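Student:
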């Protein structure tokens with residue numbers, strides 16, 4: 009319609025994040041047949057990507073935060089799917105000693121404005137939010153973005169994690185996910201008002217982020233490939249730093265699929281695992297599942313091992329959790345060659361991931377900017393405290409006064425006068441004149 013009304017008017021279409029399919033749809037819908045397309049790199053090399061399997065989400069998130077925020081005072085965002093979960097999460101983060109705020113669309117406008125202002129201006133504020141938070145927030149020194157629930161797509165995940173590390177400093181993107189997340193997202197798709205085609209596309213997008221979460225190779229490579237960009241392994245994500253052990257899970261997969269079939273494809277992962285491990289219970293006997301040929305055939309594997317098998321079979325499209333039947337597992341066509349033995353299955357082996365964050369942080373020196381040495385840590389914190397006071401006095405966010413990168417350089421080089429201070433990256437004549445004496449005084453006191 010626009011093209012018909014204004015045939016000679018130039019048109020431009022802009023979007024922050026779009027895969028190749030979405031870009032083609034934009035071309036078609038806007039009638040931009042001969043348009044030139046410009047796509048910038050999707051790579052964010054300063055962000056380290058990590059995915060953990062949900063076991064104890066509270067403990068896992070606290071371990072991550074205490075590791076990434078070991079020095080204290082780091083700003084970050086924790087994303088949850090529901091408003092209730094944001095409130096509960098913020099509550100126990102505050103109880104654990106973190107400065108946590110809640111943000112979701114159900115809050116009144118004044119509360120949302122206050123939280124946004126605090127996040128922009130103060131150091132060390134963690135906002136626990138739904139996806140309503142983040143759009144238009146200009147805060148370059150966000151050090152981490154955590155997801156307690158699986159996002160609906162890689163586009164959403166990429167946009168949300170991209171709110172970390174906009175200053176170019178090392179940042180963390182951490183996510184915990186489990187099979188229940190897949191069932192929940194599938195329920196959202198099934199219950200939506202979208203057309204059958206729209207639901208099909210949403211399911212494809214969900215499958216893509218499942219593939220990312222279960223990737224055995226470089227996560228950055230998987231993410232960039234999704235957007236049509238090729239890259240070498242980054243050497244900096246969790247799978248690069250600690251490559252997962254792979255194992256031949258063909259027989260285990262056959263056992264799992266057989267258990268799903270013999271129980272009528274009407275049960276979720278927990279019951280299937282109990283059947284495989286031969287765990288007797290009154291319910292098991294009532295159903296007669298203790299008499300099945302598959303009862304106890306998987307006693308050699310732990311419950312965690314079986315959860316890993318089922319989760320990865322779902323991620324590969326071999327099993328499908330039926331959202332209309334409380335997540336009951338059902339076979340897809342991809343299960344046939346596995347059951348017939350005409351294909352092999354190689355899966356990631358489940359393993360304890362407790363040391364992963366410490367290994368990840370230890371390797372962080374390879375990032376764009378290394379942290380200050382322990383000898384300069386006290387000076388760095390003193391400089392941050394002064395910056396906070398100056399920012400409050402001027403009514404501006406702390407990063408407007410001076411970026412963390414500049415503070416780290418001051419702590420490392422310890423300038424003694426304005427001339428030396430001007431050699432620090434990020435400090436020009438205006439900032440040196442306005443704030444230089446205060447920062448130099450802190451250096452002199454150390």
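Residue numbers (my numbering): 9 to 454.
Note that the Cβ used here is the ideal one computed from N, Cα and C, for glycine as well.
Only a predicted model underlies this, so the values are computations on that prediction, with no experimental measurement involved.
1. DSSP state of residue 48, grouped into three classes?
2. For residue 435, which residues in the same chain have their Cβ closer than 8 Å to its Cβ, ignoring the five residues on either side in sequence?
3. What does the Cβ neighbour count give for residue 405, buried or exposed, with the cut at 16 atoms within 10 Å?
4. For the candidate residues 47, 73, 49, 50, whose alpha-carbon lies nearest to that of residue 58?
5. So the alpha helix (DSSP H) residue 156 belongs to, where does it begin and stop?
6. If we call anything under 9 Å between Cβ atoms a contact, is residue 85 one with residue 140?
7. DSSP three-state label for residue 203, please.
8. Buried or exposed: residue 68, going by 16 or more other Cβ atoms within 10 Å of its Cβ?
9. Can you find at least 3 beta carbon pairs, one from the stretch 211-222 and one from the stretch 230-239, that sit closer than 8 Å?
10. Could you check the C-alpha separation between residue 294 and residue 283 for me, to the nearest Å?
11. Residue 496: which of 56, 87, 193 sits nearest, CA to CA?
12. Kindly indicate which three-state DSSP category residue 211 falls into: helix, strand or coil?
13. Taking DSSP as the reference, what is the three-state secondary structure of residue 292?
14. Comparing C-alpha positions only, which one of 28, 266, 33 sits nearest to residue 50?
15. Excluding the five sequence neighbours on either side, which residues of its own chain have a C-beta within less than 6 Å of the C-beta of residue 129, listed in chain order?
16. With C-beta atoms as the reference, is residue 55 less than 9 Å away from residue 224?
17. Residue 158 and residue 318 - do their beta-carbons sit closer together than 9 Å?
18. State the CB to CB distance for the pair residue 337 and residue 327, rounded to an integer number of angstroms; the pair is presumed to be in contact (CB under 8 Å).
19. What did DSSP end up calling residue 455 once you bin it into helix, strand or coil?
20. Of the residues 296, 91, 163, 355, which one's Cα is nearest the Cα of residue 137?
21. Spatial neighbours of residue 303 within its chain, please: CB distance less than 7 Å, with the 5 preceding and 5 following residues excluded, ordered by chain position.
22. Just checking: is the beta-carbon of residue 388 within a distance shorter than 9 Å of some beta-carbon in chain D?
23. At the level of alpha carbons, what is the spacing between residue 18 and residue 11?
24. Less than 9 Å separating the beta-carbons of residue 181 and residue 152?
Tutor: Considering the structure as presented:
1. Position 40 of the chain shown, counted from the start, is the residue given in the question as residue 48. Correct three-state label for residue 48: coil.
2. Working through the chain shown from its first residue, we reach residue 435 at position 427. The residues are 410, 414, 429, 444.
3. As a working note, residue 405 is residue 397 in the chain shown. By the Cβ neighbour-count rule, residue 405 is buried, with 16 or more other Cβ atoms within 10 Å of its own.
4. As a first step, residue 58 must be located in the chain shown, where it is residue number 50. Ranking 47, 73, 49, 50 by Cα distance to residue 58 puts 73 first.
5. Against the chain shown, residue 156 aligns to sequence position 148. Note, residue 156: premise wrong, no alpha helix (DSSP H); not H, not E.
6. As a first step, residue 85 is located in the chain shown; it is residue number 77 there, counting from the start. As a first step, residue 140 is located in the chain shown; it is residue number 132 there, counting from the start. Against a cut-off of 9 Å, the Cβ pair of residue 140 and residue 85 comes out as no contact.
7. Counting from one through the chain shown, the residue named residue 203 turns up at place 195. Residue state, collapsed to three classes: coil.
8. Position 60 of the chain shown holds residue 68. Label assigned to residue 68: buried.
9. The stretch 211-222, when compared against the stretch 230-239, does touch it at the 8 Å Cβ threshold.
10. Sequence index remark: in the chain shown, residue 294 carries index 286 (1-based). Sequence index remark: in the chain shown, residue 283 carries index 275 (1-based). The alpha-carbon atoms of residue 294 and residue 283 are separated by roughly 13 Å.
11. Within the shown structure, residues of the chain are numbered from 9 to 454, placing residue 496 beyond reach of any answer.
12. Stepping through the chain shown from its first residue, residue 211 is reached at position 203. Residue 211 falls in the helix class under three-state DSSP.
13. Counting from one through the chain shown, the residue named residue 292 turns up at place 284. Helix at residue 292.
14. The count along the chain shown starts at 1 and reaches residue 50 at position 42. Closest by C-alpha distance to residue 50, out of 28, 266, 33, is 28.
15. As a working mapping, residue 129 is identified with position 121 in the chain shown. Counting only Cβ-Cβ distances below 6 Å, and skipping sequence neighbours, we find 405.
16. The sequence position of residue 55 within the chain shown is 47, counting from 1. The sequence position of residue 224 within the chain shown is 216, counting from 1. Contact: no.
17. Here residue 318 refers to the residue found at position 310 when the chain shown is read from its first residue. Here residue 158 refers to the residue found at position 150 when the chain shown is read from its first residue. Contact check for residue 318 against residue 158 fails: the beta carbons are separated by 9 Å or more.
18. Position 329 of the chain shown holds residue 337. Position 319 of the chain shown holds residue 327. A Cβ-Cβ separation of about 5 Å places residue 337 in contact with residue 327 under the 8 Å criterion.
19. Because the chain in this structure spans residues 9 to 454, residue 455 falls outside the shown range and cannot be described.
20. As a position in the chain shown, residue 137 is number 129, starting the count at 1. Comparing alpha carbon positions, the residue from 296, 91, 163, 355 closest to residue 137 is 91.
21. The count along the chain shown starts at 1 and reaches residue 303 at position 295. Same-chain partners within the cutoff: 283, 286, 297.
22. Absent from the structure is chain D; it holds one protein chain and no more.
23. Counting from one through the chain shown, the residue named residue 18 turns up at place 10. Counting from one through the chain shown, the residue named residue 11 turns up at place 3. In this model, residue 18 and residue 11 are separated by some 9 Å (Cα to Cα).
24. Within the chain shown, the letter at position 173 stands for residue 181. Within the chain shown, the letter at position 144 stands for residue 152. Yes, the Cβ-Cβ distance between residue 181 and residue 152 is below 9 Å.
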